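Quick note on the UniProt record's numbering: the sequence shown kicks off at 1 and runs consecutively.
Everything below concerns the one structure shown next.
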Amino acid sequence: MSSMHYSLSLSHTNLWLALTREEVHAVQKNPEKFLQEVLNLVGYEGAIANPLIAPEEALGIINADIIRKFYHENFTADRVVLAASGVDHQQLLDVAEPLLSDWHKGSPMETPKSTYTGGDFRQKAESDMTHVALAFEVPGGWLKERDATIMTVIQTLMGGGGSFSSGGPGKGMHSRLYLRVLTKYHDVQSFSAFSNVYDSTGLFGIYLTTPPDFVAKAVDVAVQELIAIATPGQVTEVELTRAKNSTISSVLMNLESRVIVAEDIGRQLLTYGSRKPIDHFLQCMEELTLDDITAFAKMLLSSQPTMASYGDVDKVPPYEFVSKRFQRFR
């Protein structure tokens, strides 16, 4: 049967809507996932600002007809890549062609635009902790391969984790945020670098969790750590070499999984139109210098910050105060 012979009964619709509601409620109760979603909403205008988490009122009006229409308009031959690993190409074609040959092409669509703006969001909630995400734009996203590679190495370099974290690539005892923050400030529950990257833009920043009385200091430390990466002489050659080696090791280890290889093929085809050899990215990492790290960090911090906080937010520093700390980079 062709994959486009899609049917959806009323009972199936109600079942999946109920499961979706449960997932939405679970995300809303998870501060880190909630703030990652909010960062896009606050930091952008346009397509990227559209929520991935469906609001309750939207779930209330969705029915089988709406789902079928969405499926027909979006799941089209010109918008799909079939990727596989560990299989002969011709064998894959023999299986796929009967299933996908009648898949219709969609109507021409203009790529939706997104503009980074920066901004601030605060959600007061019953909690004995305060959660804060502070991020900046990564202009060019994955399409600027070299910058994306530098960002990946910086994320490993900064690392971080929870107050009891001591293992894992980029989150171990040698990362800057572990050594300089988690081992020094015992009130900090978690403190880590993160990135959300898309084809032509993205976000990079620090996520932290701390008791309310310590949040002002924790945000100040986050600001200092970001500025340090953009300051010549603050990152050592030893740190950079360790971060590059750790990133390369992590990439090679991931590519031992056929599932990850298949996903990597699909993502690269959708982004670049072809799959670039792994040596291309590894060579780019190996050639990175301290000047590259500093220059990228300066560019990153020249954008307006995006802040999002959740929990007991009364003592989170004002957005304007935090933004002024980065004035020198603009």
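Note that the Cβ used here is the ideal one computed from N, Cα and C, for glycine as well.
Since we're looking at a predicted model, the values are computed, not measured.
Collapsed DSSP secondary structure at residue i in the structure displayed
i, result
"N50", "coil"
"residue 374", "Outside the shown range of the chain (1 to 330) lies residue 374, about which nothing can therefore be said."
"F75", "coil"
"G160", "strand"
"T13", "helix"
"T236", "coil"
Where residue i falls, given that 16 or more other Cβ within 10 Å makes a residue buried
i, result
"M151", "buried"
"S274", "exposed"
"K244", "buried"
"V81", "exposed"
"Q14", "With the sequence shown as reference, residue 14 is identified as Asn, and Gln is not the correct amino acid for it. The residue in question, N14, is exposed, as its Cβ has fewer than 16 Cβ neighbours within 10 Å."
"T201", "buried"
Start-to-end residues for the alpha helix (DSSP H) that takes in residue i
i, result
"V219", "215-229"
"S323", "319-324"
"P98", "89-100"
"H280", "278-286"
"Y178", "First-last for Y178: undefined, no H or E at that position."
"G266", "258-272"
Residue range of the unbroken beta strand (DSSP E) whose run includes residue i
i, result
"H131", "130-137"
"S309", "306-311"
Sequence-distant residues of its chain with Cβ nearer than 7 angstroms to residue i (five each side left out)
i, result
"S3", "Confidence at S3 is low in this model, with a pLDDT of 45, below 50, so the placement of that residue should be treated as unreliable; the coordinate-derived value is given next. Cβ neighbours of S3 beyond the five flanking positions: L99, L100, W103."
"A222", "L134, I206, L208"
"P169", "Reliability of the predicted coordinates at P169 is poor, the pLDDT of 39 falling under 50, and the value obtained from them is presented with this limitation in mind. So the list reads T156, S246, S249, S250, once near-sequence residues are dropped."
"G46", "P112, K113, S114, T115"
"N63", "T13"
Sequence-distant residues of its chain with Cβ nearer than 8 angstroms to residue i (five each side left out)
i, result
"K33", "V27"
"Q268", "S274, R275, K276"
Own chain, CB closer than 6 angstroms to residue i, minus 5 neighbours either side, in chain order
i, result
"T271", "W142, D199"
"M158", "R176, L177, A193"
"F121", "V38, V42, A308"
Counterpart residues of residue i in DSSP-defined beta bridges
i, result
"residue 414", "Since the first residue of the chain shown is 1 and the last is 330, residue 414 is not available in this structure."
"T115", "E45"
"F121", "A308"
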